[in-house]
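K.L.:
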Amino acid sequence: MESSLGLVVRADPEGIATWPRRLLHLPSYSSLEWQPGHAYGEHQRPKYNAISYTWGRFRLDTMRGLNEALRKVKGIEIDNCSWTVPPIDPTRFTVDEFRMALQTAAASDRSETYLECDSCFVWLDVACIDQNADAGMLEIGRQAAIFRGAQKVYIWLTDFSSSRLEKIFSDIVDTSHRLLLVLEGSSVSTVEEMGESIEILDTMQKALDDLCNDPWFSSLWTLQEAFLCPHACFMSRDGQVISRKRLTNLLDLCELAWIINEATEYLIAHFPAPIENHPWLQRCEEIGSIIKEKGLLVLRSQNPMLLYSAAGKRTATEDHDYIYGIQQIFDFRLGNSAEAAIQRVYNRYELQVQLGEQLLKKYPVESQMHIFSEPVKDQNGWCICMTSRIPQEDGWMHMGHLMTQKLISECTLGLYRSGSRAIGQFSGKACSFAEFQRAACNEVGPMMEIGEGFSIALDAIRQGPQDEPLEYRTCGAMKDQRCGKEQIQLAEWLQSCYDGSTFIVLLLGRHGNPFFDKGTWFSERSVGLLLVNDMHKVDSQAYWKRIGFVVWDKEVHGLIKEWDYASGLFG
1 MESSLGLVVR
11 ADPEGIATWP
21 RRLLHLPSYS
31 SLEWQPGHAY
41 GEHQRPKYNA
51 ISYTWGRFRL
61 DTMRGLNEAL
71 RKVKGIEIDN
81 CSWTVPPIDP
91 TRFTVDEFRM
101 ALQTAAASDR
111 SETYLECDSC
121 FVWLDVACID
131 QNADAGMLEI
141 GRQAAIFRGA
151 QKVYIWLTDF
161 SSSRLEKIFS
171 DIVDTSHRLL
181 LVLEGSSVST
191 VEEMGESIEI
201 LDTMQKALDD
211 LCNDPWFSSL
221 WTLQEAFLCP
231 HACFMSRDGQ
241 VISRKRLTNL
251 LDLCELAWII
261 NEATEYLIAH
271 FPAPIENHPW
281 LQRCEEIGSI
291 IKEKGLLVLR
301 SQNPMLLYSA
311 AGKRTATEDH
321 DYIYGIQQIF
331 DFRLGNSAEA
341 AIQRVYNRYE
351 LQVQLGEQLL
361 KKYPVESQMH
371 IFSEPVKDQN
381 GWCICMTSRI
391 PQEDGWMHMG
401 HLMTQKLISE
411 CTLGLYRSGS
421 RAIGQFSGKA
431 CSFAEFQRAA
441 CNEVGPMMEI
451 GEGFSIALDA
461 IRQGPQDEPL
471 EYRTCGAMKD
481 QRCGKEQIQL
491 AEWLQSCYDG
501 STFIVLLLGR
511 HGNPFFDKGT
521 WFSERSVGLL
531 LVNDMHKVDS
541 QAYWKRIGFV
551 VWDKEVHGLI
561 KEWDYASGLF
571 G
């Protein structure tokens with residue numbers, strides 16, 4: 001259909017619900033289009049599996065200076081396609097290897113062949129998303145439903161043969177087990193003992209580095225697929241499914257990566273001798289860097305608010321893909337992927353504003369539970385960006401678990417538009433920071449010590465007041481403050497820093513039920529946004545600068561006596 005302006009407006013087929021627009025049928029290698037009644041050819045409501053892999057960087061039809069042999073390479077042949085499947089650099093994978101992977105993915109059980117199994121359908125992007133038509137963008141906006149509807153999802157790692165991938169997984173599992181034994185036995189207490197155990201870290205570091213160098217771990221689109229399908233199985237270049245004890249799927253890998261990261265960070269913190277640049281210490285830091293840079297901790301956390309920053313470390317063909325490639329984590333359809341969207345090119349900033357606006361509506365509390373590791377432009381602090389992060393969990397009110405709980409909103413957040421500007425808007429209950437500091441730092445409840453019932457996290461700024469400790473929030477030097485004495489000092493400093501300004505804690509929401517984490521029960525948590533007003537106005541409305549957020553427990557909440565209504569713009 002067309003809009004009144006003559007621009008194309010598209011819509012999903014009526015009644016398609018969560019079904020893919022197309023499925024690839026094997027052994028015919030035909031791309032069958034969805035029909036009413038959820039039929040694909042003669043098959044109604046078929047089971048299907050899906051493949052997560054990366055190919056965009058390796059398509060030959062977009063490369064220049066190809067030799068004659070590469071110019072002759074053809075893509076895999078798929079029947080019933082109005083588009084040509086792009087040819088792929090055969091050093092990445094050949095057409096025959098592609099077919100082997102598809103045949104494995106079509107089988108619902110490893111003991112079956114794709115000809116014997118009852119699921120002969122696979123969802124494959126190049127065969128099921130029209131590579132030419134604008135309708136392909138609509139299907140990009142339905143990725144969550146497609147991958148969640150698959151019976152099984154296979155991660156195709158094309159760098160490795162089955163034997164090589166088995167060896168890598170074996171090394172990761174074995175060395176992580178040995179590392180835990182080192183920790184449990186406290187056998188690393190001297191520099192000499194460290195030297196004896198460095199072989200464990202060497203093997204682990206090499207295995208993780210080899211594995212994560214596969215392009216799948218640097219692709220933007222596979223990050224979203226990984227988040228949607230944590231139980232996806234690994235498949236080698238030759239189409240063999242890899243299964244190792246304690247490492248049978250992506251979730252196992254992420255869990256193991258988290259354990260390894262915790263272990264290496266513990267070892268770094270308890271380094272037995274003040275010796276810089278020791279190889280043992282360097283290995284621990286390198287292992288932690290691999291795990292974090294490749295997003296394994298983000299995937300393990302299942303915290304969707306971390307996906308945008310993780311996406312920034314991945315490779316994208318177009319800049320706007322950094323939003324399109326993660327939007328379905330939230331079940332959003334933004335820009336050109338939305339139904340009834342007028343076709344035009346949206347830049348990343350426009351899409352980021354759309355993302356932020358939808359997050360304010362759907363996740364008003366969670367949308368603000370992050371801090372900026374780099375300064376953001378004035379009035380842009382209402383929206384997550386690539387520099388957003390979650391404070392370190394150690395000593396930070398069990399943030400990781402809290403983010404996975406259902407949080408009850410206690411305020412109203414939205415978006416205010418003024419010309420080309422988009423600014424956050426809020427209304428709800430708030431208390432002065434002075435009142436919060438009095439309750440949190442100077443009063444003692446029956447179940448807590450002073451300073452242990454709250455945690456403040458601050459956004460980074462380029463340069464703070466002269467007396468500000470660098471580790472509070474100056475870009476490049478900031479660190480997360482532990483509960484207790486450090487938090488008390490931070491709260492006291494904040495109160496003195498903004499003593500002459502209006503400084504409030506906006507009550508964002510709360511987690512209403514006790515939760516169990518790491519062997520301990522924790523009471524209700526409340527979440528607040530730290531806002532400072534310097535008498536600046538936007539369109540005659542009071543404007544508040546976001547400087548961070550704070551989490552506090554039930555004991556502190558009961559000691560806050562003065563709540564007032566507040567409203568305005570923030571960013």
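Note that full-length UniProt numbering gives residue 122 to position 122 of the sequence shown, counting from 1, and the numbers run on in steps of one. Beta carbons: idealized from backbone N, C-alpha and C, even for Gly.
1. Heavy atom of the ligand GTP less than 7 Å from the Cβ of Lys429, yes or no?
2. Answer yes if the region 247-259 comes into contact with the region 335-354, meaning at least three C-beta pairs across the two stretches below 8 Å, and no otherwise.
3. What residue does the beta strand (DSSP E) around Val353 start on, and which one ends it?
4. Skipping 5 residues on each side, what residues in its chain have a beta carbon closer than 6 Å to that of Gln481?
5. Have a look at the DSSP bridge pairing and note the partners of Tyr565.
6. With 16 other CB atoms within 10 Å as the buried threshold, where does Thr18 fall?
7. Nearest to Gly528 by CA position, among Met535, Gly509, Ser540, His536, is which residue?
8. I'd like the ranges of any beta strand (DSSP E) spanning at least 3 consecutive residues and lying wholly in the region 136-160.
9. Apply the 10 Å Cβ neighbour rule to Pro364 and answer buried if 16 or more other Cβ atoms are within range, or exposed otherwise.
10. Run through DSSP, which three-state label would Phe58 get?
11. Look up Ala440 in the DSSP assignment and say whether it is helix, strand or coil.
12. I'd like the list of long-range same chain contacts for Ser367, defined as Cβ closer than 6 Å, with 5 residues on each side in sequence excluded.
13. Helix, strand or coil, according to DSSP, for Gly295 in the structure here?
14. Hey, Thr316 and Val298 are a contact pair by Cβ (cut 8 Å); roughly how many whole angstroms apart?
15. For Gln44, count the other beta carbons within 10 Å of its own beta carbon; 16 or more makes it buried, fewer makes it exposed. Which is it?
16. Would you list the one or two residues that DSSP bridges to Gln44?
17. Expressed to the nearest angstrom, what Euclidean distance is found between the alpha-carbon atoms of Asp564 and Glu435?
18. Per DSSP, which one or two residues make a beta bridge with Leu223?
19. Taking the beta strand (DSSP E) that Ser52 belongs to, which residues open and close that run?
20. So, does the CB of Asp564 fall closer than 8 Å to a CB anywhere in chain D?
21. Of the choices Gly295, Gly15, Lys485, Trp221, whose alpha-carbon is the least far from that of residue 585?
22. Do the CB positions of Glu265 and Gly288 come within less than 8 Å of each other?
23. Among Cys385, Val376, Cys411, which residue has its Cα nearest to the Cα of Arg462?
24. Among Glu350, Gln205, Ser218, which one has its Cα closest to the Cα of Trp280?
25. Specify the secondary structure class of Ser455 as computed by DSSP and reduced to three states.
26. What separation, rounded to the nearest whole angstrom, lies between the Cα atoms of Phe330 and Ser337?
27. If you follow the alpha helix (DSSP H) that Thr264 is in, where does it begin and where does it stop?
28. Take Met478 as the anchor and find which of Phe58, Ser373, Gln328, Ile291 has the nearest alpha-carbon.
29. Which runs of the alpha helix (DSSP H) at least 4 residues long sit entirely within the region 301-345? Give them in chain order.
30. Do you know how far the Cα of Leu26 is from the Cα of Pro13?
31. So which of Arg22, Ile260, Leu470, Ala127 has the shortest CA-CA distance to Ile78?
32. Is it buried or exposed for His557, if we count other Cβ within 10 angstroms and need 16 for buried?
33. Looking only at C-alpha atoms, which of Asp238, Leu223, Ser420, Leu415 sits nearest to Gln327?
34. Taking His320 as the reference, which of Leu306, Ser31, Gly335 has the closest Cα?
35. What number of angstroms, rounded off, separates the C-alpha of Val153 from the C-alpha of Ala105?
36. Under 8 Å, with one C-beta from each stretch per pair, do the region 163-182 and the region 55-65 reach the 3-pair mark?
P.N.:
So, from the listed chains and residues:
1. Judged by which ligands are present, the structure shown has none, so any question about the ligand GTP falls away.
2. No, they do not touch.
3. Note, Val353: premise wrong, no beta strand (DSSP E); alpha helix (DSSP H) at 348-362.
4. Gln487, Leu490, listed in sequence order.
5. Within the DSSP secondary-structure output, Tyr565 pairs in a beta bridge with Lys429.
6. So Thr18 ends up on the exposed side.
7. The shortest Cα separation from Gly528 among Met535, Gly509, Ser540, His536 belongs to Gly509.
8. Those beta strand (DSSP E) runs which fall completely within the region 136-160 and span 3+ residues are 153-156.
9. A residue is called buried when at least 16 other Cβ atoms come within 10 angstroms of its Cβ; Pro364 meets this threshold and is buried.
10. For Phe58, the three-state secondary structure derived from DSSP is helix.
11. Of the three classes helix, strand and coil, the one that applies to Ala440 here is helix, per DSSP.
12. Correct list, in chain order: Leu359, Leu360.
13. It is coil, neither helix nor strand.
14. Note on identity: in this sequence residue 316 is Ala, with Thr being the wrong assignment. With 8 Å as the limit, Ala316 and Val298 do not qualify as a contact, their Cβ atoms being about 17 Å apart.
15. When all chains shown are included, Gln44 counts as exposed.
16. Its beta-bridge partners are Ala39.
17. Going by the C-alpha atoms only, they are around 11 Å apart.
18. Bridge partners of Leu223: none, in fact.
19. Segment 49-52, the beta strand (DSSP E) holding Ser52.
20. In the structure shown, chain D cannot be found, because there is only a single protein chain.
21. Limits of the chain in this structure are 1 at one end and 571 at the other, which puts residue 585 out of reach.
22. For Glu265 and Gly288, yes; Cβs fall inside 8 Å.
23. The option with the nearest alpha carbon to Arg462 is Val376.
24. Among Glu350, Gln205, Ser218, the Cα nearest to that of Trp280 is on Gln205.
25. The answer is strand: DSSP assigns Ser455 an E or B state.
26. Straight across, the Cα-Cα distance linking Phe330 with Ser337 is about 14 Å.
27. Its alpha helix (DSSP H) spans residues 250-269.
28. Nearest in C-alpha terms to Met478, of all of Phe58, Ser373, Gln328, Ile291, is Ser373.
29. As far as the region 301-345 is concerned, its whole alpha helix (DSSP H) runs of at least 4 residues are 307-311, 321-324.
30. Each residue's alpha carbon lies about 24 Å from the other.
31. Nearest of Arg22, Ile260, Leu470, Ala127 to Ile78, Cα basis: Ala127.
32. Its Cβ being crowded by 16 or more others within 10 Å, His557 is buried.
33. Ranking Asp238, Leu223, Ser420, Leu415 by Cα distance to Gln327 puts Leu223 first.
34. Considering only alpha carbons, the answer is Gly335.
35. When only Cα atoms are considered, Val153 and Ala105 end up about 8 Å apart.
36. Three or more beta-carbon pairs separated by less than 8 Å are not found between the region 163-182 and the region 55-65, which leaves the two stretches without contact.
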